[in-house]
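Chains as they are written, first to last, in our numbering: chain P, 1 to 239; chain V, 1 to 226.
What follows is a short report on a single structure.
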Amino acid sequence: MNAIDCTEFRRRSPELALGLLGGGERGAAIDHMAVCAACRADLEGLMRVSDLLVHLPPAVEPDLGFESLVMRRLAAEGAFAASGASMRDTGGRQRRWLRPIMAAAAAVVVLVAGIAGLVARRDTGRARPAAVAGVAPRAVVIRADGGRSWCQLVAFPATGGQPARVVVQLDEPDGSLDSYGVLVEPTNRRPPVPVGIIGLVAGHGTMTASIPPGTGSVDAVRIIDSAGSVKYRAVFAPV
Amino acid sequence: MLYPNRCSGGGWGNPAEPVARTITVMTWSAADDALLAAYGAGDAQAAVAFIRRHQARVYGLALSIVIDSSLAEDISQEAFTRAWRHAATYDPRRGSVPTWLLTITRNLSIDALRLRRSVPVDPATLAALDLTATGLESEPGRAAEQGEEAARLRGAISTLPEDQRRALVLAGLMGRTAKEVSEQEGIPLGTAKTRIRAAMGKLRFALADRAGDEIDLRSERLEDRR
Numbered sequence: 001m002n003a004i005d006c007t008e009f010r011r012r013s014p015e016l017a018l019g020l021l022g023g024g025e026r027g028a029a030i031d032h033m034a035v036c037a038a039c040r041a042d043l044e045g046l047m048r049v050s051d052l053l054v055h056l057p058p059a060v061e062p063d064l065g066f067e068s069l070v071m072r073r074l075a076a077e078g079a080f081a082a083s084g085a086s087m088r089d090t091g092g093r094q095r096r097w098l099r100p101i102m103a104a105a106a107a108v109v110v111l112v113a114g115i116a117g118l119v120a121r122r123d124t125g126r127a128r129p130a131a132v133a134g135v136a137p138r139a140v141v142i143r144a145d146g147g148r149s150w151c152q153l154v155a156f157p158a159t160g161g162q163p164a165r166v167v168v169q170l171d172e173p174d175g176s177l178d179s180y181g182v183l184v185e186p187t188n189r190r191p192p193v194p195v196g197i198i199g200l201v202a203g204h205g206t207m208t209a210s211i212p213p214g215t216g217s218v219d220a221v222r223i224i225d226s227a228g229s230v231k232y233r234a235v236f237a238p239v
Numbered sequence: 001m002l003y004p005n006r007c008s009g010g011g012w013g014n015p016a017e018p019v020a021r022t023i024t025v026m027t028w029s030a031a032d033d034a035l036l037a038a039y040g041a042g043d044a045q046a047a048v049a050f051i052r053r054h055q056a057r058v059y060g061l062a063l064s065i066v067i068d069s070s071l072a073e074d075i076s077q078e079a080f081t082r083a084w085r086h087a088a089t090y091d092p093r094r095g096s097v098p099t100w101l102l103t104i105t106r107n108l109s110i111d112a113l114r115l116r117r118s119v120p121v122d123p124a125t126l127a128a129l130d131l132t133a134t135g136l137e138s139e140p141g142r143a144a145e146q147g148e149e150a151a152r153l154r155g156a157i158s159t160l161p162e163d164q165r166r167a168l169v170l171a172g173l174m175g176r177t178a179k180e181v182s183e184q185e186g187i188p189l190g191t192a193k194t195r196i197r198a199a200m201g202k203l204r205f206a207l208a209d210r211a212g213d214e215i216d217l218r219s220e221r222l223e224d225r226r
């Protein structure tokens with residue numbers, strides 16, 4: 001492969017940014033970019049243009065029924081079955097180390113909740129959302145470690161035949177721990193309820209868990225590690 | 001509709017409870033990311049919300065590229081299917097969810113066009129493709145951020161000479177290589193490359209507003225004369 005200089009790189013960079021360069025030309029440009037910060041910056045500017053180009057065509061609503069067609073296609077691909085399996089898995093494969101931790105966490109929280117009930121009375125009169133029933137999904141995104149770690153949560157209310165559920169996605173660059181416990185915090189300082197385990201593979205994990213019937217409204221979700229420490233706690237905004 | 005949020009470190013109102021890391025709050029602007037995560041996890045409600053939020057822009061982009069409503073609908077469906085399949089690979093540090101999803105759509109549209117490679121793009125179609133009016137109605141935070149840049153880009157596109165704008169649309173949206181642009185437009189390959197490069201350079205300049213970019217534009221003009 002022929003090495004190229006900055007001048008040649010900049011001749012090619014617009015096409016590289018648009019994804020139009022093939023084989024050897026692309027390889028040589030990428031090789032050059034790896035050792036030249038100025039050309040890398042040049043390409044970043046062009047990539048921004050390329051990214052924005054896709055936003056320019058006008059939005060056009062597809063025909064009625066489009067959404068149903070996509071949903072049917074997703075169902076045929078097993079999209080929603082996979083979610084059900086994941087829910088079952090999180091319950092069935094709950095790791096042994098987490099059971100005592102979850103129990104202990106629940107016990108500690110009962111105690112703390114009792115103390116907090118005495119000490120932090122300011123919360124008791126606050127209007128709380130009916131989080132689990134009859135409201136739209138609510139989302140929380142937490143960045144930690146200077147933006148290197150992400151915790152994303154979405155809580156969905158119970159509908160027709162489906163229970164309320166929470167979806168958690170974790171991204172951690174180090175991935176030193178491979179599993180976390182997920183607990184939901186009901187309103188009125190009742191003890192947190194364990195709903196599942198999220199396992200990380202290469203620092204990334206996603207899980208969906210049903211919130212057990214009878215839990216009632218949920219104010220917050222907490223993610224705990226194997227030592228029982230709270231790694232993330234997300235409080236949903238009042239609706 | 002997802003709501004803004006508040007987050008906090010610590011747990012259950014007890015300040016003594018250990019927290020292993022500093023938690024900072026990122027509010028509303030990442031709701032697309034969270035919705036995508038739920039969509040990727042196979043949540044039916046999230047899927048409906050995700051599709052509703054993005055379908056007009058996905059379909060609009062596909063339609064702009066393939067100019068065939070039936071094919072555009074197929075492409076849009078496939079784009080949403082791929083987004084579900086690859087949701088776990090989405091990296092928010094590399095771009096917004098709409099950009100990611102629309103890039104999937106563009107690539108699928110280009111693939112579909114390649115199957116009909118012999119069909120040239122009708123010049124009237126190119127002329128009618130209105131890149132100066134659109135809406136970025138995703139979640140407000142990100143939309144405002146991208147909307148401002150998109151507005152600048154639109155303004156810059158409107159000032160491009162017609163031949164450069166056509167080259168840009170053919171290459172940037174329709175995935176035509178410089179060689180294909182030259183064949184479509186009946187111009188030498190070098191001229192096609194120059195037009196693409198000049199258009200991209202001007203748009204980058206409009207976004208970056210950096211004087212240094214003028215140097216590139218000058219060199220492009222010099223090359224154009226050769």
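No residue lacks a Cβ here, since even glycine has one placed at the ideal position from N, Cα and C.
Using DSSP's beta-bridge definition, name the partner residues of residue i.
i, result
"Tyr90 of chain V", "Looking at the DSSP assignment, Tyr90 of chain V forms no beta bridge with any residue, so it has no partner."
"Pro186 of chain P", "P:Val218"
"Gly196 of chain P", "P:Val182"
"Ser210 of chain P", "P:Arg165"
"Ile104 of chain V", "DSSP, once it has assigned bridges, lists no residue as partnering Ile104 of chain V."
"Ile223 of chain P", "P:Val182, P:Tyr232"
If the criterion is Cβ atoms closer than 9 Å, does the pair residue i and residue j meet it?
i, j, result
"Arg222 of chain P", "Pro192 of chain P", "yes"
"Val182 of chain P", "Val166 of chain P", "yes"
"Tyr39 of chain V", "Ala79 of chain V", "no"
"Val60 of chain P", "Ala17 of chain P", "no"
"Thr313 of chain P", "Val184 of chain P", "Summary: the structure shown does not reach residue 313 of chain P, with chain P confined to residues 1 through 239, and so no result is reported for it."
"Ala62 of chain V", "Ala72 of chain V", "yes"
"Ala198 of chain V", "Gly155 of chain V", "no"
"Asp32 of chain V", "Ser96 of chain V", "yes"
"Val58 of chain V", "Leu102 of chain V", "yes"
"Thr105 of chain V", "Arg73 of chain P", "no"
"Asp42 of chain P", "Arg10 of chain P", "yes"
"Glu8 of chain P", "Thr177 of chain V", "no"
"Leu35 of chain V", "Ala56 of chain V", "no"
"Tyr180 of chain P", "Ile211 of chain P", "no"
"Gly45 of chain P", "Arg93 of chain V", "no"
"Ala209 of chain P", "Val195 of chain P", "yes"
By the DSSP assignment, the beta strand (DSSP E) with residue i in it spans what residues?
i, result
"Arg233 of chain P", "230–235"
Would you give the residue range spanned by the alpha helix (DSSP H) that residue i belongs to?
i, result
"Pro14 of chain P", "6–17"
"His32 of chain P", "23–35"
"Ala54 of chain V", "Note that residue 54 of chain V is His in the sequence shown here, rather than Ala. Note, His54 of chain V: alpha helix (DSSP H), 44–66."
"Leu20 of chain P", "Premise fails: Leu20 of chain P is in no alpha helix (DSSP H) and is neither H nor E."
"Ala83 of chain V", "69–85"
For residue i, which three-state DSSP category applies?
i, result
"Ile187 of chain V", "coil"
"Pro57 of chain P", "coil"
"Glu180 of chain V", "helix"
"Ser68 of chain P", "helix"
"Asp63 of chain P", "coil"
"Leu160 of chain V", "coil"
"Leu175 of chain V", "As written in the sequence, residue 175 of chain V is Gly, which differs from the Leu given in the question. Coil."
"Ala34 of chain V", "helix"
"Glu148 of chain V", "helix"
"Leu199 of chain V", "In the sequence as displayed, the identity of residue 199 of chain V is Ala instead of Leu. Correct three-state label for Ala199 of chain V: helix."
"Ser109 of chain V", "helix"
"Gly95 of chain V", "coil"
Any heavy atom of the ligand NAD within a distance shorter than 8 Å of the CB on residue i?
i, result
"Val182 of chain P", "The ligand content of the structure shown is nil, which means the ligand NAD is not present either."
Any contact of the segment 62–72 of chain V with the segment 99–115 of chain V, i.e. 3+ C-beta pairs under 8 Å?
Yes: the two stretches touch, three or more of their Cβ pairs being nearer than 8 Å.
So does the segment 185–195 of chain V actually touch the segment 152–168 of chain V, counting three or more Cβ pairs closer than 8 Å?
Contact holds: three or more Cβ-Cβ distances are below 8 Å.
What residues in the segment 27–50 of chain P have a beta carbon less than 7 Å from any beta carbon of chain C?
Here the protein chains are P and V, and chain C is not one of them.
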